[in-house]
Structure formats: structure tokens, C-alpha cells
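For reference, the structure discussed in these notes is given below.
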Amino acid sequence: IPLLNTYTNETRTTMEEKGIFGKFLEFKMNVMSVALDQYEDTLFVDCDIIFTNVVDICEGYEVGLSPQFISKEHRIKTGEYNAGFVWTNNKQMPKVWKSLINHTNHCPEQINMDKLKEHFNCFDFGCEYNIQAWRHYLGDKVEFETKNKKIYHNGKQVVCIHTHFNDERFQEFNGLFI
Numbered sequence: 494i495p496l497l498n499t500y501t502n503e504t505r506t507t508m509e510e511k512g513i514f515g516k517f518l519e520f521k522m523n524v525m526s527v528a529l530d531q532y533e534d535t536l537f538v539d540c541d542i543i544f545t546n547v548v549d550i551c552e553g554y555e556v557g558l559s560p561q562f563i564s565k566e567h568r569i570k571t572g573e574y575n576a577g578f579v580w581t582n583n584k585q586m587p588k589v590w591k592s593l594i595n596h597t598n599h600c601p602e603q604i605n606m607d608k609l610k611e612h613f614n615c616f617d618f619g620c621e622y623n624i625q626a627w628r629h630y631l632g633d634k635v636e637f638e639t640k641n642k643k644i645y646h647n648g649k650q651v652v653c654i655h656t657h658f659n660d661e662r663f664q665e666f667n668g669l670f671i
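So, in C-alpha cells, the structure goes:
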């Protein structure tokens, strides 16, 4: 479904300058709605996530959120949860999430994701999910270990890593698991 052609020549910076970045990010919710029209549940993941294990969904919940695991100071600025890894089985969730977008924040779609807990029965994915560079730089240093050709973080087998391979700021982090 080609809906993003309007944004082909845009960057995050140009969209923020034009005040359309939040509108662009609404497509995360739109694609979840399309998926929920065809399937019982959906997991939205940013395209720069590498899976190293099977995703486990906690039964009995409507929404799965990915904590940022960064300092409180940075969570206040960007939100408690990362919008690049979100699961739901509730068709209303994308609509509610869209209504929570704060178009004046630097992270418009994720700054208010904690408010989803006011509307849905939510669980948090563990520290082995959605491990990203911001966690390494703005929280506790991320350390990986390998056992039997598997990657572990904090004693748990890593499920997925949020890479940002094309961003030179994250070479140190990406080097940890390469």
C-alpha cells in the first residue's frame, strides 16, 4: 500500500521544520491497523531491528511495550517506551496511540506511550528485547556475552537488537555485537 510517497524527498529534519514529522509517524499506527484487519495481532518493528531469537508474547494482554532502559532524565524528554517495537491484538490500540501523539515533542509518537496503560491491559517486553544504542549511551552500558553461538544480555538470550547501522554515532554500540 504506497502511502508514504509524499515523504520521499523528506528527512526527519525537514519534516520537523515543516511540522509534519508527527503526521509521518502516524503511519506506524496506520500499518498496525491494516495488519489487524487481516490478523489477530501484530508486532510493529522498525526496519533496523535484527532478530536473534523468537519473540514471546505474554498471554492475556492487549499491548506489549518496549521500555527504553535509559536514564530518567532522557525518559522525561523522549518517553518511557520506544515506538520501534510495539505489539497489540486490540484493533482500537492504533487509534488511541495516534490520539496520544504530541506534535511538539522531538519524539512525538513515543513521548506519551505510557498513557496506553490507561486504556489497555499492557505488558513490558524484557531487557533482552529491542536493545538499542540509546540504552548503551544514555543508560547503563550494554554488555553482551556469547554462549553456544547465542548472544546474551543481563543473563537473558537476546531477542532483537535495534541497530542504526547507517549512523556513525553508534559504531561503538554496533561493534559490541558484530
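Converting from the sequence shown to my numbering requires adding 493 to each position, the first position being numbered 1.
Note that beta-carbon positions come from the ideal geometry of N, C-alpha and C, so glycine has one too.
Given the structure is predicted, the values throughout are model-derived calculations rather than measurements.
Residue i and residue j closer than 7 Å at C-beta
i: Asn598; j: Ser559; result: no
i: Phe472; j: Cys551; result: This structure does not reach residue 472, given that the chain is present from 494 up to 671, and the question cannot be answered.
i: Glu533; j: Asn583; result: no
i: Met508; j: Trp590; result: no
i: His646; j: Glu665; result: no
i: Thr545; j: Val635; result: no
i: Met525; j: Val556; result: no
i: Phe537; j: Val579; result: yes
i: Ile644; j: Gly515; result: no
Cross-strand partners of residue i (DSSP beta bridge)
i: Trp627; result: Its beta-bridge partners do not exist; DSSP assigns none.
i: Val524; result: According to DSSP, which records beta bridges pairwise, Val524 is partnered with nothing at all.
i: Asp617; result: Leu558
i: His612; result: DSSP lists no partner for His612.
i: Val589; result: Partner(s): none; Val589 has no beta bridge.
i: Lys640; result: Lys643
i: Cys653; result: Phe544
i: Tyr536; result: Reading off the sequence shown, one finds Leu at residue 536, where the question assumed Tyr. DSSP output for Leu536 lists Trp580 as bridge partner(s).
i: Asn595; result: DSSP, once it has assigned bridges, lists no residue as partnering Asn595.
i: Asn605; result: Paired residue(s): none; Asn605 is not in a bridge.
i: Tyr574; result: Pro560
Rounded Cβ spacing between residue i and residue j (contact assumed at less than 8 Å)
i: Asp607; j: Gly572; result: 7 Å
i: Gln625; j: His655; result: 4 Å
i: Ile563; j: Arg662; result: Contact doesn't hold; Cβ gap of about 15 Å is too wide.
i: His657; j: Asp541; result: 6 Å
Of the listed residues the options, nearest to residue i (C-alpha basis)
i: Thr535; options: Leu518, Tyr554, Ile563, Leu496; result: Tyr554
i: Ala576; options: Glu602, Arg568, Ile563; result: Glu602
i: Leu518; options: Glu611, Ile604, Cys653; result: Ile604
i: Arg568; options: Asp549, Gln531, Cys600; result: Cys600
i: Lys610; options: Lys511, Leu497, Tyr574; result: Tyr574
i: Gly648; options: Gly619, Asn667, Gln561; result: Gly619
i: Val527; options: Phe670, Lys565, Pro495; result: Pro495
i: Val548; options: Cys653, Asn667, Ile513; result: Cys653
i: Phe670; options: Ile543, Lys565, Tyr630; result: Ile543
Chain C within 7 Å of residue i, Cβ atoms only
i: Leu593; result: Note that chain C does not occur in the displayed structure, where there is just one protein chain.
>> So within the stretch 540 to 571, which uninterrupted beta strand (DSSP E) runs reach at least 3 residues, ignoring any that extend past its ends?
In response: With a minimum length of 3 residues, the continuous beta strand (DSSP E) runs that stay inside the stretch 540 to 571 are 542 to 544, 556 to 560.
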